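A short worksheet on the structure shown next.
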Amino acid sequence: MFHRRRKQRCARGYETNDQCLALCQVAPGQEVKIREMERLHPPYRGHLQAYGLLPGRCVRVITQSPVTIIQVEQMELAFEKSVAEGILVEPMQE
Amino acid sequence: MTACHAVHPGNEIHNGSCVALVGNPNVGKSVLFHRLTGQYVMVSNYPGTTVEVSQGKLRNLQGVTLIDTPGVIGFPSRSEDEQVTEKVLFHSDLRTVIQVGDAKNLRRTLHLTIQLAEMGLPLVLALNMMDEARMRGLEIRTDVMERAFGIPIIQTVATRGSGIADVENAINAAYPVNLEIQYPPEIEQAIQQVEQLEFDSPISKRALSLLWFVQDPVCEKWIEENLPQSVQNQLDNIRSYLINKFPDGIEIVIQQSRESFIEKLVHESLLEAKNASMSVKRLSYLTTHPLWGIPILFVVLYAMYWFVGVFGAGTLVGLLEEQLFGEIINPWLISISEKVIPWVILRDFLVGDYGLWTMGVTYALALLLPIVLTFFIAFGILEDSGYLPRVAVLSNRLFSAIGLNGQAVLPMVLGLGCVTMATMTTRILNRPRDRVLVTLLLALAVPCSAQLGVVLGMLSAISLSAALIWGGVIFLVLLLVGWLASRVLPGERTPLIVELPPLRMPVFTNVIFKTLARLEWYIKEAVPLFLLGTVLLFALDTAHILPALIEALKPIVTGWLGLPAEAASALLMGFLRRDFAATGFFVMQSQGHLSNLQALVSITTITLFIPCIASVFMMVKERGWKITLGMVAFILPFSVLVGGLLMRLLSGLGWGL
Ligand SMILES: Nc1nc2c(ncn2[C@@H]2O[C@H](COP(=O)(O)OP(=O)(O)O)[C@@H](O)[C@H]2O)c(=O)[nH]1
Ligand SMILES: [Mg+2]
Numbered sequence: 001m002f003h004r005r006r007k008q009r010c011a012r013g014y015e016t017n018d019q020c021l022a023l024c025q026v027a028p029g030q031e032v033k034i035r036e037m038e039r040l041h042p043p044y045r046g047h048l049q050a051y052g053l054l055p056g057r058c059v060r061v062i063t064q065s066p067v068t069i070i071q072v073e074q075m076e077l078a079f080e081k082s083v084a085e086g087i088l089v090e091p092m093q094e
Numbered sequence: 095m096t097a098c099h100a101v102h103p104g105n106e107i108h109n110g111s112c113v114a115l116v117g118n119p120n121v122g123k124s125v126l127f128h129r130l131t132g133q134y135v136m137v138s139n140y141p142g143t144t145v146e147v148s149q150g151k152l153r154n155l156q157g158v159t160l161i162d163t164p165g166v167i168g169f170p171s172r173s174e175d176e177q178v179t180e181k182v183l184f185h186s187d188l189r190t191v192i193q194v195g196d197a198k199n200l201r202r203t204l205h206l207t208i209q210l211a212e213m214g215l216p217l218v219l220a221l222n223m224m225d226e227a228r229m230r231g232l233e234i235r236t237d238v239m240e241r242a243f244g245i246p247i248i249q250t251v252a253t254r255g256s257g258i259a260d261v262e263n264a265i266n267a268a269y270p271v272n273l274e275i276q277y278p279p280e281i282e283q284a285i286q287q288v289e290q291l292e293f294d295s296p297i298s299k300r301a302l303s304l305l306w307f308v309q310d311p312v313c314e315k316w317i318e319e320n321l322p323q324s325v326q327n328q329l330d331n332i333r334s335y336l337i338n339k340f341p342d343g344i345e346i347v348i349q350q351s352r353e354s355f356i357e358k359l360v361h362e363s364l365l366e367a368k369n370a371s372m373s374v375k376r377l378s379y380l381t382t383h384p385l386w387g388i389p390i391l392f393v394v395l396y397a398m399y400w401f402v403g404v405f406g407a408g409t410l411v412g413l414l415e416e417q418l419f420g421e422i423i424n425p426w427l428i429s430i431s432e433k434v435i436p437w438v439i440l441r442d443f444l445v446g447d448y449g450l451w452t453m454g455v456t457y458a459l460a461l462l463l464p465i466v467l468t469f470f471i472a473f474g475i476l477e478d479s480g481y482l483p484r485v486a487v488l489s490n491r492l493f494s495a496i497g498l499n500g501q502a503v504l505p506m507v508l509g510l511g512c513v514t515m516a517t518m519t520t521r522i523l524n525r526p527r528d529r530v531l532v533t534l535l536l537a538l539a540v541p542c543s544a545q546l547g548v549v550l551g552m553l554s555a556i557s558l559s560a561a562l563i564w565g566g567v568i569f570l571v572l573l574l575v576g577w578l579a580s581r582v583l584p585g586e587r588t589p590l591i592v593e594l595p596p597l598r599m600p601v602f603t604n605v606i607f608k609t610l611a612r613l614e615w616y617i618k619e620a621v622p623l624f625l626l627g628t629v630l631l632f633a634l635d636t637a638h639i640l641p642a643l644i645e646a647l648k649p650i651v652t653g654w655l656g657l658p659a660e661a662a663s664a665l666l667m668g669f670l671r672r673d674f675a676a677t678g679f680f681v682m683q684s685q686g687h688l689s690n691l692q693a694l695v696s697i698t699t700i701t702l703f704i705p706c707i708a709s710v711f712m713m714v715k716e717r718g719w720k721i722t723l724g725m726v727a728f729i730l731p732f733s734v735l736v737g738g739l740l741m742r743l744l745s746g747l748g749w750g751l
């Protein structure tokens with residue numbers, strides 16, 4: 001379900017495995033749950049959190065190029081890969 | 095739920111003279127403002143159109159002013175326009191705050207509701223866009239939320255006017271509430287310490303402390319200006335303690351407490367039905383697709399070029415300038431004035447070469463107006479459709495080359511309409527560095543619609559290759575200067591983070607209103623200057639100063655740029671507005687006084703000139719004297735330098751012979 005190829009390159013030092021990966025590694029169409037955002041530069045983290053991108057939230061990835069676009073509630077949010085790299089997510093348990 | 099929060103009715107009476115509309119960006123505040131006051135303000139389908147407050151009288155409440163504010167994502171405020179809103183909350187004599195929220199993004203709306211309710215001001219929540227929420231299968235139980243917050247909550251569809259009467263009633267009935275969410279003990283303790291300090295606060299001390307803890311700039315400024323040093327020191331101590339306690343940031347801890355409150359509330363009050371994606375969503379997806387997005391962008395750009403360049407600058411200008419003014423009105427006025435005005439000088443003043451009517455009014459009304467009008471219509475449609483933020487996504491890579499992000503595309507595209515307006519819109523950019531960079535690029539290399547129309551007219555009279563060279567030079571200058579400036583300016587590039595509003599069908603009346611409002615702005619700003627410029631030229635000409643000035647500018651105009659000496663008078667006009675200069679060149683070209691090479695060099699130089707006096711004033715207002723002077727001192731010689739270099743290069747290559 002994930003872009004295996006991209007996996008190592010874009011996790012920005014996070015320990016990633018099948019249970020836990022960076023947002024930029026998630027394939028379009030998948031729903032994931034935000035786990036942590038500690039690695040994100042604080043101002044950007046604050047900006048995204050103001051939009052409601054908080055640990056525990058479920059988001060759906062719409063596309064990964066040209067930038068990452070995700071859906072939070074009914075809102076679409078676009079940001080660069082360098083931002084997506086700093087967000088750690090986990091797959092939704094069905 | 096009572097375990098983790100409390101609602102206390104406040105007991106102060108608020109009978110201030112203002113009601114403020116506050117809410118996230120792009121949720122319908124301005125539409126609601128129109129509904130409640132009958133007064134139109136700019137409405138667009140992208141975040142950040144309202145960058146200043148607008149005020150109007152409430153229809154149903156004598157003597158009460160309604161304030162429309164720029165959208166806020168949340169506090170602490172992050173950009174200048176958010177600070178404008180926060181200052182309204184801190185400094186106005188408020189009677190009620192109406193929060194406008196997007197019903198389909200309930201969690202996001204409620205995060206702001208919490209912050210406003212904590213402030214202890216009388217609050218009403220208008221849950222707007224209920225139509226879109228229902229279409230997506232969302233059902234909201236407002237009674238549950240009303241009880242949790244202790245405030246009236248009204249479902250509205252501002253565009254159709256439903257729920258407005260209830261909002262009007264609620265404004266009167268609203269009373270102050272003090273929502274208290276339970277934060278972690280360390281934070282609660284710190285809040286208590288602040289509450290024990292002796293001072294008067296415009297919002298509840300609880301809200302003030304929370305803003306202080308997260309280093310909100312408006313709150314910090316208020317404290318610095320209003321509280322004695324001893325209290326400030328104590329506040330500093332309380333905050334430093336917390337910062338040590340939560341090295342990962344206090345904001346996230348506070349946000350999490352709010353989030354869990356909201357999560358419970360939403361669980362009880364929001365019913366979500368899963369439904370299939372719609373065709374609009376598919377189109378929305380295509381517009382940002384790396385492959386399909388580009389052709390769609392080109393189709394949009396071409397349609398815009400056709401409407402503004404071909405229809406506006408070609409057909410409409412032809413009808414007005416050549417036929418109506420050139421063949422009917424002006425000959426008639428000239429013949430009349432020859433009969434009734436005995437003084438040659440007055441006749442020249444009105445209908446001569448530099449006549450107030452024959453030059454000033456004719457150019458302003460017949461040449462510029464149709465172009466500006468068509469541009470603003472096209473831009474209004476684009477704005478309302480929600481397409482512009484998608485262009486930001488597509489152009490992000492290009493802008494990252496010049497140290498910006500795709501969000502800069504918004505002011506840049508608006509700059510194609512009016513650079514002055516666009517300079518004001520740079521407020522939506524989050525960082526001072528980005529605002530300075532975009533202001534510079536706007537002033538240097540983005541031609542406004544008035545000028546663009548004239549320039550395109552001149553280019554089409556030369557050849558396609560001329561148009562390509564002109565476009566190429568401007569584009570290169572944009573990239574080069576942007577690249578250099580982004581390296582010189584301190585600070586690093588901010589990555590793109592942007593909200594994509596849903597694609598919507600533009601509302602006809604809204605587009606017309608916006609066009610008229612912008613046109614009025616433009617006419618008030620440009621036409622008087624145009625007339626003033628004409629009078630100045632006339633005065634210089636009659637007093638025979640013009641020849642002397644032309645003589646003085648000769649080394650530059652003829653020597654360096656290789657233009658005929660009379661081009662100096664056009665260039666002089668360029669100090670007022672660069673499109674006047676372009677218009678002057680246009681006339682010279684159509685009278686056969688400019689060769690193709692000279693025409694190309696002259697319009698390239700003038701495109702890179704200072705936009706207009708009004709834009710310089712706006713730059714001073716937004717960026718300050720020093721930066722503005724620096725930019726002007728760079729732009730003037732630079733534009734002439736590029737013009738001369740281009741002339742040498744092209745004549746060396748034998749172009750245009
Ligand atoms: N479907 C729908 N659209 C709305 C409603 N209210 C506003 N809009 C649209 O939402 C967009 C943003 O409105 P605006 O008033 O400029 O939002 P503001 O940024 O909060 O001032 C515009 O395109 C409006 O036409 C509503 O109740 N339903
Ligand atoms: Mg608005």
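Residue numbers (my numbering), protein chains in the order written: chain A, 1 to 94; chain B, 95 to 751. Virtual Cβ for every residue (Gly too), placed ideally from N, Cα, C. Being a predicted model, the structure only gives us computed values, none of them experimental.
Measure from the C-beta of K198/B to each C-beta in chain A and report whether the shortest distance is under 7 Å. For K198/B, a Cβ of chain A is located within less than 7 Å of the residue's own Cβ.
Chain A contact for N120/B (CB, 7 Å cutoff): Residue contact check for N120/B against chain A: no CB pair falls below 7 Å.
Interface residues of chain A around L583/B at Cβ under 9 Å? Result: empty, since nearest Cβ-Cβ is about 18 Å, beyond 9 Å.
Would you say E80/A faces chain B, with C-beta separation under 7 Å as the test? Chain B, which has a Cβ nearer than 7 Å to the Cβ of E80/A, makes this yes.
Distance, V271/B Cα to S148/B Cα: Cα to Cα, the separation comes out at about 26 Å.
Beta strand (DSSP E) containing V198/B: first to last residue? For clarity, residue 198/B is Lys in the given sequence; the question names Val instead. Careful: K198/B lies outside any beta strand (DSSP E) and carries neither H nor E.
Candidates L476/B, Q290/B and N490/B: which alpha carbon is nearest L498/B's? Closest option to L498/B, Cα to Cα, is N490/B.
Is S124/B a contact residue of ligand 2, with contact defined as CB to any heavy atom under 6 Å? Indeed, a heavy atom of ligand 2 lies less than 6 Å from the Cβ.
According to a CB-to-CB cut-off of less than 9 Å, which residues of the region 60-74 of chain A neighbour chain B? The region 60-74 of chain A vs chain B, Cβ under 9 Å: I62, T63, S65, P66, V67, I69, V72, E73 and Q74.
Using C-beta distances below 7 Å, list every residue in its chain close to A561/B, excluding the 5 sequence neighbours before and after it, in chain order. When the five nearest sequence neighbours on each side are left out, the beta carbons in the same chain lying within less than 7 Å of the beta carbon of A561/B are those of L553, in order along the chain.
Buried or exposed, going by whether 16 or more other CB atoms sit within 10 Å of the CB of A488/B? The identity of residue 488/B in the sequence shown is Leu, whereas the question assumes Ala. Classification of L488/B: buried, given that the 10 Å Cβ count is 16 or more.
Rounded C-alpha distance that separates G566/B from P66/A: Taking the straight line from one Cα to the other gives about 25 Å.
Where H205/B meets chain A, residues with beta-carbon distance less than 8 Å: Think of a sphere of 8 Å around the beta carbon of H205/B: the chain A residues whose beta carbon falls inside it are A50 and G52, in chain order.
If you draw a straight line from the C-alpha of E274/B to the C-alpha of H99/B, how long is it? Their Cα atoms are separated by approximately 5 Å.
Counting only Cβ pairs nearer than 8 Å, list the residues of chain A close to P589/B. Correct list: Y44, F79, E80, S82 and V83.
In whole angstroms, what is the alpha-carbon distance linking K375/B and E76/A? About 11 Å.
With a CB to CB cut of under 8 Å and the five nearest residues on each side skipped, what residues in its chain are close to K766/B? As displayed, chain B neither begins before 95 nor continues past 751, which places residue 766/B out of reach and without an answer.
Sorry if obvious, but does the Cβ on M506/B come closer than 6 Å to a heavy atom of ligand 1? Incorrect: M506/B has no Cβ contact closer than 6 Å to ligand 1.
Secondary structure of S489/B, DSSP reduced to three states: If DSSP states are grouped into helix, strand and coil, S489/B belongs with coil.
Look at the alpha carbon of L126/B and the alpha carbon of I161/B, and state the distance between them as a whole number of angstroms. For the pair L126/B and I161/B, the Cα-to-Cα distance works out to about 11 Å.
Return yes when the Cβ of R521/B is within less than 7 Å of the Cβ of E212/B, no when it is not. Contact flag unset, no.
Are the CB atoms of G668/B and I700/B nearer to each other than 7 Å? G668/B is a Cβ neighbour of I700/B, given a cutoff of 7 Å.
Listing by chain order, which chain B residues have their CB less than 9 Å from the CB of G56/A? Contacts between G56/A and chain B, judged by CB atoms closer than 9 Å, involve Q350, E353, S354 and E357 in chain order.
Give the interface partners of E38/A over in chain B, defined as CB-CB distance under 7 Å, in chain order. What E38/A touches in chain B: D342.
Have a look at V609/B and V261/B and give me their C-alpha separation to the nearest angstrom. Reading the sequence as shown, one finds Thr at residue 609/B and not Val. Taking the straight line joining both Cα atoms gives about 29 Å.
Is the beta carbon of V532/B sitting closer than 7 Å to the one on A502/B? Taking the C-beta atoms as reference points, A502/B is found nearer than 7 Å to V532/B.
Is there a C-beta anywhere in chain A that falls below 7 Å from the one on E52/B? Absent from the model: residue 52/B. The displayed extent of chain B is 95 to 751, so no value can be given.
Which residues of chain A have a Cβ atom closer than 7 Å to the Cβ of G168/B, listed in chain order? Ordered by position in chain A, the residues that pass the 7 Å Cβ test against G168/B are A50.
Coarse secondary structure for G117/B, derived from DSSP in three states: In the three-state reduction of the DSSP assignment, G117/B falls in the strand class, which pools E and B.
Nonlocal neighbours in the same chain, by C-beta distance under 7 Å from E362/B, ignoring five residues either side: Excluding sequence neighbours, E362/B sits near V238.
Member of M224/B, A495/B and L735/B whose CA lies at the smallest distance from the CA of A252/B: Residue M224/B is the option with its Cα nearest to A252/B.
Does ligand 1 have even one heavy atom less than 6 Å from the beta-carbon of E76/A? Using a cutoff of 6 Å, the CB of E76/A does not count as near ligand 1, since none of the ligand's heavy atoms is closer than that.
Tell me the residue span of the beta strand (DSSP E) that contains N266/B. Per DSSP, N266/B is not a residue of any beta strand (DSSP E); the alpha helix (DSSP H) it occupies stretches across I258 to A267.
beta-carbon V121/B near ligand 1 non-hydrogen atom, thresh 6 Å: Flag set: Cβ of V121/B near ligand 1.
Tell me, please, whether the region 679-695 of chain B touches the region 712-723 of chain B by the rule of three or more beta-carbon pairs shorter than 8 Å. No contact exists between the region 679-695 of chain B and the region 712-723 of chain B.
Where does the unbroken alpha helix (DSSP H) through N320/B begin, and where does it stop? Note, N320/B: alpha helix (DSSP H), P311 to N320.
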